[in-house]
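Structure, as structure tokens:
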Amino acid sequence: MAMKPAEEGQPRLLARLAGPVVLLALLAVLLAGAALFAGDYIQRIVIVIGINVILVVSLNLSNGFTGVFSLGHVGFMAIGAYTAALLTLPVSLKAVNLPNLPGWLGRLVLSFLPATLIGGLLAMAVAFLVGLSLMRLKGAYISVATLGFLVIVQVILINWDQVTRGARTFAGVPPHSTIWNVWIWAALSVYLVWRLGSSAFGRAMRAGRDNEIAALSLGISVIRSRLLAFCLSAFLTGVAGSLWAHFITSFSPKSFYFVQTFNVITMLVIGGLGSVSGSVIGVFLITVFSELLRNAERGFDLGALHVPPIYGASQILMAIMFVLVIVFRPAGIMGGRELDLRALLRRLARQGRKKEAE
Amino acid sequence: MSPLELLLQQLINAVSIGSLYALMAIGLAMVFGILRLINFAHGDLIMVGSYVALLAQLLGLPFVAAAAAGVAASTVAGLAMERVAYRPLRGAHEIAMLLTSFSVTIFLENLAIILFRPTSRPFPAPAVLRSVIEMGRLRVAGLDLIAIAVAAVLLLALTLFVRRTNIGIAMRAASQDLLAARLVGINVNRVIATAFAIGSLMAGVVGLLWSARVGKVDPLMGFNPVLKAFVASVIGGLGSLPGAVIGAYVLGGLEILLQGLLPAGLTAYRDAFVFAVLIALLLFRPNGILGASEREKI
Amino acid sequence: MLKLQSVDVRYGHIHALKGISIEVRDGELVALLGANGAGKSTTLMCISGIVRPQSGSLVCDGIDLAKASSFDIVGLGVIQCPEGRRIFGGLTVLENLRMGAVRRPDRSGVRKDMERVFSLFPVLGQRRRQSGATLSGGEQQMLAIGRALMAAPRLLLLDEPSLGLAPLVVRAIFRVIRELHRQGVTILLVEQNVRQALAVADRGYVLSTGTVTLEGSGAELRANPEIEQAYLSSAPEAGR
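Residue numbers (our numbering), protein chains in the order written: chain A, 2 to 359; chain B, 55 to 352; chain C, 9 to 248.
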């Protein structure tokens, strides 16, 4: 394996900074455009993309960088969502929908930011407890164990009636999520994960992922780095859960189960494990694509031909597409590497020069 | 009912449900052992078999014929799954294969939703499967006895198969060292197909018994059983066939035990406790009770 | 019988074999020597069809091995006894041997060969119902060779049979190899133990970082001082 130079000169750092930052700048422009000019529908899609970015980027921190392939992260999303929603729900609604809440909770109403933070922190605390036992496991066992965690969360959500309304819809969540606060969190997440990924800690994580024994011999505490990544990613996922809860304003335990898990993992894998810019690109592509598919699901007219509604077709197509990507390009769109604008521009310039020579 | 009779009753329950889990878990273990693939879509084979059996009955076929059709359908579906989705990924990373099995699950479940709509349908079962036999003061479901008997027969047949026949021994060899198996001239494609066929056949049988037990079928019915089957496999040690069976009966016993021990308010959380026990178990024995020893080459 | 010409193999960026040419004639015992990482195992894996060459030809009795599946190659009688023995630990000695003969339809021939293996390796006969994992390193090597013999090989590929074994056991193994050679089995022997290998070989090749640097008859190589050089010059790769 080639050794990277110990110190990265300023221009190198900027070049690597360029990738994700430029992407975000582009998106910031898009956001402003959407917030100011676009209709309600587009605005909603932009918010969903933002939330998905947080979900995928934080999952990448665990699955991509440390190799702990968690299948239960949506459980943290649920914890963040329910916790924050419980804290922002107005007292009157709580009295009606959740009459059996403990007194202090029934009277407590927090504003959006503290509620979101508490949701994230609670998710992180749970991740810590669960992670203590899980981080030692290998490969398939970790995945099955985290799936078990997802089921545990689901069962608790469905049965803890007084707090979650059980399997019934949890409605009336104040719509605090806007394009701006969602995307500020998204930008923060991207920056955080990207910085972590390219730091010494990031290298330690990847070392632990690629060759545990070698990493251990280098003095890297593999378990500690995994646990840290797991907890941090749980925090961000919890935050995303809160943002989503305050966007969609009503949800139920089913929203945080297998289908959501598959969607997040699809975006993660298509963008490429271990690549932050890949995650962003993957989210964008998949969200837009699946939205288009979902519209098509409702049936449409192709000239004289009327295609009837086929609900579920979009999921099938996503599944097929997913398999195709895994078979033909398993490293995802970015192949596990970050977007390097300088290299891209250089390549385009070279192609341009070739065309001129012909 | 005296405590002994209660114990016996619950024991039969536990062994019955354990038998269903065992048939499922063995299918998973066989495939994992050879391919290192966690096949989530295995649960949907239950669903496929059940729906075909349902359709066959609605078309007028007697139960036995419908059951045979269901089992055949599961087997074919399993083989198709292997050929189409998993063979192109031979040798790929564990995670890639796991995610592919996710996709297959989503594909099959949504296909079923499109064809049969997401609501559940009643599953007609013959009288013998709905009967209740009275033995002394015990009331035992005929279904339980049949499940136990069927599992015993199938597991015995499988044991003979992997011990006496060439292809059975080849399956064991392939799950221990796939490369060596290839070098020795074992037809790996055929071995893998056989593993899938056997596992899918068993899943089909489980489907019938499960549907008869709960009385209905729905497109998502396979998810919970496959999850339980995985827990069973993990308890016994992923990839080990005897481990899968032991893990399954342990799981069955654990479920019944928790059902009885948990205070009334908490019985609904039974599944959560089961998974919590699993996580706790992995803390002490990261490779399961009979964990297949993964030797790390240093 | 076996002819490799300009075989080129890459693993991603690693250029493992850089156009090597090797020949094994009927009844010969050819040694393939070289330090760690020289490409010896890659060569055998290529012959067995596990690894595909980027270019070059591998022909065995007129059949192109580069296009054949590993399954077919075993059917041709090209049998490898891989590095590290790789016996089936969970299977008994008998079952291991039975798997060696898995492609053969003739039951009586298989039975005869099993007796032959037990006469070559009496200790295997004593432990025939024990599982492979309980055998010692030397016994496992014998089992690996025995398993390969069960396939009635026309060309036997042995990958480092002496690896990790005590000198006494190594001598015993090589006695068997000599006996097989005497019985007319064609053998391609990959070894790091130069002395033992050249003591039995008719001809030999020395591989160094993917190329053949020396070749000649057993006698010529034994007398050649450059053999040491071939090992030392590839020292950076050694002990990878």
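In this text, a Cβ means the ideal position worked out from N, Cα and C, and glycines have one as well. Computed from a predicted structure; not experimentally measured.
- Task: Assign C:Asn-104 to buried or exposed, taking buried as 16 or more other Cβ atoms, counted over all protein chains shown, within 10 Å of its Cβ.
- Result: buried
- Skipping 5 residues on each side, what residues in its chain have a beta carbon closer than 8 Å to that of B:Leu-62? Leu-192
- Query: Applying the criterion that 16 or more other CB atoms from any shown protein chain within 10 Å of the CB defines a buried residue, is A:Tyr-42 buried or exposed?
  - Reply: exposed
- Comparing alpha-carbon positions, which option in B:Pro-317, B:Ile-289, B:Ile-310 lies nearest A:Ala-141? B:Ile-289
- Task: Find out if the Cβ-Cβ distance for the pair A:Ala-82, A:Ala-188 is shorter than 7 Å.
- Result: no
- With DSSP as the reference, please indicate the residues paired to C:Ala-5 in a beta bridge. Past the edges of chain C, shown from 9 to 248, lies residue 5 of chain C, and the structure says nothing about it.
- Message: Cβ closer than 9 Å: which chain B residues qualify as neighbours of A:Ser-144?
- Response: Ile-92, Glu-148, Ile-149, Leu-152
- Counterpart residues of C:Thr-219 in DSSP-defined beta bridges: C:Ser-216
- Any alpha helix (DSSP H) of 4 or more consecutive residues that is wholly inside the segment 277-339 of chain B: 277-290, 295-315, 324-338
- What residues in its chain sit with their C-beta under 7 Å from that of A:Leu-94, if we drop five residues either side in the sequence? Gly-173
- Query: With 16 as the cutoff for other CB atoms within 10 Å, does A:Trp-105 come out buried or exposed?
  - Reply: exposed
- Task: May I have the straight-line CA-CA distance separating C:Pro-90 from A:Ile-143, to the nearest angstrom?
- Result: 32 Å
- Query: Would a check of beta-carbon distances place A:Gln-316 closer than 7 Å to chain B?
  - Reply: yes
- By DSSP, does B:Met-189 sit in helix, in strand, or in coil? strand
- Message: Whole angstroms are fine: how far does the CA of A:Phe-323 sit from the CA of A:Asn-296?
- Response: 19 Å
- Helix, strand or coil for C:Ala-160, going by three-state DSSP, please let me know. coil
- Query: Considering only residues of the segment 202-263 of chain B, which uninterrupted alpha helix (DSSP H) runs meet the minimum length of 4 residues and lie entirely inside it, listed in chain order?
  - Reply: 220-230, 232-238
- Mind reading off the beta-carbon distance from B:Leu-162 to B:Met-151? Whole number of angstroms is fine, and I expect it under 8 Å. The pair is not a contact, with the Cβ atoms about 17 Å apart (cut-off 8 Å).
- Message: Rounding to the nearest angstrom, what Cα-Cα distance links C:Ala-180 and C:Met-158 in this structure?
- Response: 19 Å
- Message: If the criterion is Cβ atoms closer than 7 Å, does the pair C:Tyr-213 and C:Glu-199 meet it?
- Response: no
- Identify whether C:Ser-56 lies in helix, strand or coil by the three-state DSSP scheme. coil
- Query: Roughly how many angstroms separate the alpha carbons of C:Gly-247 and C:Ser-56, rounded to a whole number?
  - Reply: Its pLDDT being 45, under 50, C:Gly-247 is placed unreliably in this model, and the coordinates cannot settle the point.
- Message: Just to make sure I have the definition right: I need the residues of chain A whose C-beta is within less than 8 Å of the C-beta of B:Pro-142. Which are they?
- Response: Val-328
- Item | Integer Cβ distance of C:Arg-135 from C:Glu-147, believed to fall under 8 Å | 7 Å
- Task: Examine chain B for any beta-carbon lying closer than 7 Å to the beta-carbon of C:Met-107, and answer yes or no.
- Result: yes
- Query: To which residues of the same chain is C:Gly-85 closer than 6 Å at the C-beta, ignoring the five residues directly before and after it?
  - Reply: Pro-161, Arg-162
- Message: Can you confirm whether B:Leu-99, when its beta carbon is compared against all beta carbons of chain C, has any partner nearer than 7 Å?
- Response: no
- Task: Have a look at B:Val-216 and A:Leu-138 and give me their C-alpha separation to the nearest angstrom.
- Result: 30 Å
- Message: Let me check understanding here. Comparing Cα to Cα, which of C:Met-107, C:Arg-60, C:Thr-219, C:Val-32 lies closest to C:Val-78?
- Response: A quick correction: the sequence has Ser, not Val, at residue 78 of chain C. Taking only the C-alpha atoms, the option nearest C:Ser-78 is C:Arg-60.
- Ordered along the chain, which non-local residues of its own chain (more than five positions away) have a Cβ less than 7 Å from that of C:Met-53? Val-59
- Item | Listed by chain order, chain B residues near A:Ser-134 by CB distance under 8 Å | Ile-333, Ala-334, Leu-336, Leu-337
- Message: Considering Cα atoms alone, identify which of A:Ala-35, A:Asn-61, A:Leu-325 is closest to A:Tyr-192.
- Response: A:Asn-61
- Query: Between B:Leu-307 and B:Ala-68, which are expected to be in contact by the criterion C-beta below 8 Å, what is the C-beta distance as a whole number of angstroms?
  - Reply: It is Gly, not Leu, that sits at residue 307 of chain B in the sequence shown. 4 Å between Cβ atoms; contact.
- Query: With 16 as the cutoff for other CB atoms within 10 Å, does C:Gln-191 come out buried or exposed?
  - Reply: exposed
- Query: So which residues on chain A does B:Tyr-323 lean against when the C-beta distance must stay under 8 Å?
  - Reply: Val-156, Ile-157, Asn-160
- Who pairs with B:Arg-175 in a beta bridge, going by DSSP? B:Val-271
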